[in-house]
Amino acid sequence: MSWTHRDSPHDAFAQEATQTPITIAFPQWMLNIWEVSHDHPEGRWYLEPNAQCLRQKASLRIVFAPLDLPRRDALAQTLELFDILHIPGDFTKERLQSVSHSFGRSTDRNGSSSWFHFLCKNIDIKQDGSNPPEVDNRAATMGYHLSTLPQADYSWHRAGFFLRVENDGSTTLVCFGAMPRIRQRINEFVAAKAWQHVVTDPYILFDLLFEALYFEVDDTVWKMNTVFGPLEHLILEYANSKNIRKMSSKIPFAAMHNCAKHIIHIAEAIDSCIMLVDATLRNVGNHEHTRPTTNEPILKQLRETLQYRRSLFGSSQLRLNSLQKRIDNAITLSFNLVTQQDSMVMIQDSNSMKVIAAITMIFLPTTGVATVVGSQLFLSDPHDGGKTWDVMLTPLFWTMWWISIPLTIFVVLLAIIWHWWVHTEAPVVEVQQVIKRAATFSSSNTKKLDK
């Protein structure tokens with residue numbers, strides 16, 4: 059929505075389409091249309107390969123179109139569709155930016171347009187035999203390789219919805235890239251012939267979309283709950299076991315991180331849906347052709363239904379918040395288990411060092427005696443052909459003790475002082491206190507001697 063008029067509002071979209079790799083193969087561009095017109099008052103379905111048929115008059119028309127991606131092979135058909143329905147350039151800009159939330163409304167002299175885009179994380183589950191369920195690894199788009207990370211999925215639910223209401227009340231809803239649930243809900247609506255109230259407020263069609271999107275999002279939340287349940291149980295089993303070694307190599311940190319990442323994306327989608335419902339509620343009854351006085355019961359029912367949709371999205375949000383907290387607890391517990399095991403390993407290493415020190419102390423006297431005896435401190439003189447020996451002390455023996463005993467005492471005192479200095483919070487203050495006490499004691503003794 060811009061204050062600047064552009065002759066070609068979809069230039070950026072067209073430029074992006076020309077840069078699409080030719081190697082990417084898209085399905086055939088086709089429109090699946092249902093409409094109520096003068097010639098077909100009961101409605102009819104038909105397929106069209108271009109948008110020229112949309113120029114014909116119809117009181118109500120619902121169009122299922124391919125996803126509004128910038129495709130080189132279908133650029134002409136897509137731009138023609140945009141031009142016939144007066145789709146603004148902001149709609150295509152949102153697709154180029156892959157917005158996670160949008161709700162646009164634009165009014166002109168011929169009528170009004172409303173639109174929004176839907177973006178939600180896609181989660182598919184696979185289960186092989188007795189293995190626990192896990193996320194089916196899927197690539198982001200065509201041309202990307204699959205990831206080898208556990209519980210990874212890079213695919214998304216993407217859709218766009220555009221509602222055009224003319225001043226005479228004729229309404230057209232275009233669903234770009236509609237999911238199966240959207241198609242199913244629209245088919246139920248058409249089969250029930252319940253479209254007579256759409257002329258009162260076309261946002262009834264948005265309510266149908268919100269109903270289908272709720273089930274899409276809520277099922278995704280339940281799938282994540284199904285995937286995370288076995289992971290959570292595995293972590294609790296590790297926490298309860300006492301005989302598991304190398305815990306860090308067994309805990310599935312990457313899988314839990316991917317689950318947490320998926321939940322963040324799903325939370326973003328739920329918040330977006332809640333904001334969409336709120337924006338629709340604010341615009342109910344704002345179409346030019348509506349008569350608020352005569353249609354107030356229908357508008358009231360629509361508001362109540364939209365508020366109910368909002369509460370359902372809020373329910374999914376509560377469940378997702380609970381799941382997020384469970385994942386946070388599991389990740390915290392996993393880190394605590396690894397830290398605890400590392401601490402036990404350090405304690406075991408410390409005990410091993412104590413054993414080595416004890417063994418060294420056991421053999422230290424023997425080693426010391428052997429060293430002294432084998433040195434030049436003693437002289438041996440054999441007699442009678444080696445039958446007897448005379449052992450004599452050299453002068454260096456007593457010199458060694460005169461040097462080693464004071465040196466040993468000095469080293470021991472130095473070690474005691476260093477240990478005290480390291481384990482004392484304020485050694486300087488304590489030294490000063492000791493000096494003061496010594497000075498006080500010395501002065502008191504001097505006074506007693508003077509008396």
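When we follow our numbering, the leftmost residue of the sequence shown carries the number 59, and every step to the right adds one.
C-beta: ideal position from N, C-alpha, C; glycine also.
As the structure is a computational prediction, the values presented were derived from the model and not from experiment.
- Within a 10 Å sphere around the beta-carbon of Gln185 sit fewer than 16 other beta-carbons, which makes this residue exposed.
- Closest by C-alpha distance to Asp166, out of Arg119, Lys115, Val223, is Val223.
- Taking one beta carbon from each stretch, the region 300 to 312 and the region 120 to 136 have fewer than 3 pairs nearer than 8 Å; the two do not touch.
- For Asp126, the number of other beta carbons within 10 angstroms of its own is at least 16, and it is reported as buried.
- Beta-bridge partners of Asn90 (DSSP): Leu105, Phe122.
- Residue nearest to Ser374 within the set Asn283, Tyr104, Asp276 is Asp276 (criterion: CA-CA distance).
- The alpha-carbon of Ala337 is positioned some 15 Å away from that of Phe220.
- The straight-line gap separating the alpha-carbon atoms of Arg102 and Pro208 is approximately 47 Å.
- When C-alpha distances from Gln86 are compared across Ile324, Asp69, Asn108, His96, the shortest belongs to Asn108.
- Closest by C-alpha distance to Lys179, out of Ser401, Ile405, Asn301, Leu271, is Leu271.
- Taken through DSSP and simplified to helix, strand or coil, Asp69 comes out as helix.
- Pro124 counts as buried, since no fewer than 16 other beta carbons sit within 10 angstroms of its beta carbon.
- If you look at Met237, you'll find it isn't in any beta strand (DSSP E); DSSP assigns it neither H nor E.
- Classified as buried, Met314 has 16 or more neighbouring CB atoms from the shown chains inside 10 Å of its CB.
- By the C-beta criterion, the region 62 to 77 is judged to be in contact with the region 140 to 160, since at least 3 inter-stretch pairs fall below 8 Å.
- Excluding sequence positions up to five before and after Pro190, its CB lies within less than 7 Å of the CB of Pro288, all in the same chain and listed in chain order.
- With distances taken between CA atoms, Ala72 lies nearest to Pro128 out of Pro128, Ser172, Val121, His255.
- Just so you know, the alpha carbons of Thr446 and Thr452 end up roughly 19 Å apart.
- Secondary structure of Ala132 (DSSP, three-state): coil.
- The criterion of a C-beta distance shorter than 8 Å is not satisfied by Ile240 and Asp211.
- Short of 6 Å from the beta carbon of Gly218, and not among the five residues preceding or following it, lie these beta carbons of its own chain, in chain order: Asp126, His175, Phe234.
- Collapsing the DSSP output to three states places Ala217 in a strand.
- Ile293 sits close to Leu391, with the two beta carbons spaced by under 8 Å.
- DSSP places Glu100 outside both helix and strand once states are collapsed to three, so it counts as coil.
- Judged by DSSP secondary structure, Cys178 falls outside any alpha helix (DSSP H) and instead within the beta strand (DSSP E) spanning 169 to 179.
- Scanning Trp173, Met458, Asp400, His481 for the CA closest to the CA of Ser164 turns up Trp173.
- DSSP places Asp448 within a strand segment (E or B) once states are collapsed to three.
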